[in-house]
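Visitor: Whatever position you read off the sequence shown (first residue = 1), add 544 for our numbering. Shown below is the structure under consideration.
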Amino acid sequence: METIAGPPVCLVTGGNRGIGREVCRRLAARGATVLPTARAPEAGSGLLTLDVTDAPGVVRAAEEVRSRFGRLDVLVNNAAITYDTWQRASTADLDVVREAAETNLYGPWRTVQAFLPLLRASGHGRIVNVSSEAASLTNMGGGTPAYTASKTALNALTRMLAAELRPDRILVNAICPGWVATDMGGPGGRPVADGAAGIVWAALLPDDGPTGGFFRDGRPLPW
Ligand code: NAP
545 METIAGPPVC LVTGGNRGIG REVCRRLAAR GATVLPTARA PEAGSGLLTL
595 DVTDAPGVVR AAEEVRSRFG RLDVLVNNAA ITYDTWQRAS TADLDVVREA
645 AETNLYGPWR TVQAFLPLLR ASGHGRIVNV SSEAASLTNM GGGTPAYTAS
695 KTALNALTRM LAAELRPDRI LVNAICPGWV ATDMGGPGGR PVADGAAGIV
745 WAALLPDDGP TGGFFRDGRP LPW
């Protein structure tokens with residue numbers, strides 16, 4: 545990222561709590577210009593409004609970034625819902641599966657589409673799709689079906705975008721933060737700082753860094 549004129553401009557979805565908030569904090573500590581976003585920011589929080597399920601709202605957020613910065617260097621698709629430990633694939637409530645996909649798959653997809661002109665304008669764009677090892681096909685079981693199916697599709701989107709956007713010099717990777725002690729992860733996981741570190745690594749990759757990969761802590765995971 546050294547080649548960008550000025551600090552990289554970074555946008556993080558779901559930046560109000562959990563891993564997303566820590567990613568914002570660490571990117572800012574590295575000198576980046578960080579745009580934390582939230583679907584419903586508290587008044588006076590300074591967060592940009594971005595609900596990834598609200599298509600016109602995502603377009604409005606992109607328009608605001610365009611008018612303020614004219615480009616986006618890093619998009620971190622972090623927002624997600626529904627770690628559905630209570631159901632199994634064979635009996636899953638498909639309304640829950642559909643709802644999870646709306647946030648975890650279509651959310652990042654529409655956000656990429658809206659911000660793509662700004663990422664292209666960067667010349668050094670990075671897209672970080674926050675995924676999960678639950679989406680690894682190699683060892684997949686029948687648990688957390690809504691979450692797992694949505695993140696597996698997000699991994700597929702990562703591969704497609706990486707291939708398509710290579711000529712635009714946009715690096716696209718899927719990152720598993722590991723099991724992290726957040727509202728989603730629950731108690732017992734590792735600290736948010738550890739989960740966020742691998743995401744920041746992917747956000748600030750050099751121009752000759754990897755694309756189309758699946759990583760945790762900077763090391764490849766099996767698809
Ligand atoms: P979290 O504590 O539950 O936070 C989720 C964040 O996503 C919140 O900021 C939430 O905003 C936001 N969000 C949900 N729906 C949204 C929407 N429609 N538009 C915008 N923001 C939305 O989860 P986390 O543990 O930090 O997880 C962050 C990422 O890491 C997720 O992609 C998750 O799948 C992944 N991950 C986590 C773990 C883990 O162990 N924690 C493991 C593997 C992967 P509100 O405050 O408005 O609800």
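Note that CB positions come from ideal geometry on N, CA and C, so glycine has one too. For clarity, every value in this text was computed on a predicted model and none was experimentally measured.
Beta carbon of T629, beta carbon of G687: below 8 Å?
Guide: Yes, the pair counts as a contact, with Cβ atoms nearer than the cut-off.
Visitor: Using the three-state DSSP reduction, which class does P568 fall into: helix, strand or coil?
Guide: Note on residue identity: the sequence assigns Cys, not Pro, to residue 568. It is helical.
Visitor: Counting Cβ pairs, one atom from each stretch, are 3 or more of them under 8 Å apart for the segment 675-689 and the segment 711-723?
Guide: The segment 675-689 vs the segment 711-723: in contact.
Visitor: Hey, which unbroken runs of the beta strand (DSSP E) at 3 residues or more fall wholly within the segment 612-641?
Guide: Complete beta strand (DSSP E) runs here, min 3: 618-621.
Visitor: Name the DSSP beta bridge partners of P754, please?
Guide: P754 is not bridged to any residue.
Visitor: Helix, strand or coil: which one does DSSP assign to T597?
Guide: T597: coil per DSSP, three-state reduction.
Visitor: Check each candidate in R604, P689, S666, D617 and name the one with the smallest Cα separation from R632.
Guide: Minimum Cα distance to R632 is reached at P689.
Visitor: Count the other C-beta atoms from every protein chain shown that fall within 10 angstroms of the C-beta of L715, then say buried if there are 16 or more, exposed otherwise.
Guide: It is buried - the Cβ of L715 has at least 16 other Cβ atoms within 10 Å.
Visitor: Can you look up L663 in the DSSP assignment and give me helix, strand or coil?
Guide: In this structure, L663 counts as helix in the three-state DSSP scheme.
Visitor: If you compare alpha carbons, which of S634, C554, A707, R583 is closest to A572?
Guide: A572 has its Cα closest to that of C554, out of S634, C554, A707, R583.
Visitor: Output yes or no for whether 8 Å exceeds the beta carbon distance between V596 and P652.
Guide: Going by C-beta atoms, V596 is nearer than 8 Å to P652.
Visitor: Does the ligand NAP have even one heavy atom less than 7 Å from the beta-carbon of W723?
Guide: Flag set: Cβ of W723 near the ligand NAP.
Visitor: Got a sec, what are the start and stop residues for the alpha helix (DSSP H) L709 sits in?
Guide: Here the alpha helix (DSSP H) through L709 covers 689-709.
Visitor: Kindly examine the ligand NAP and report whether one of its heavy atoms sits closer than 7 Å to the Cβ of V596.
Guide: It does: the Cβ of V596 is within 7 Å (strictly closer) of some heavy atom of the ligand NAP.
Visitor: Can you name, in chain order, every residue of its own chain whose Cβ lies under 6 Å from the Cβ of W837, other than the five neighbours on each side?
Guide: The chain is shown only over 545 to 767; residue 837 falls outside these bounds and no answer can be derived.
Visitor: Using three-state DSSP, classify P580 as helix, strand or coil.
Guide: P580 falls in the strand class under three-state DSSP.
Visitor: Classify N717 as helix, strand or coil using the three-state DSSP reduction.
Guide: DSSP places N717 in strand when its eight states are reduced to three.
Visitor: Which residue wins for smallest C-alpha separation from G739, given the options R760, P731, D751, L749?
Guide: If we check each option's Cα against that of G739, R760 comes out closest.
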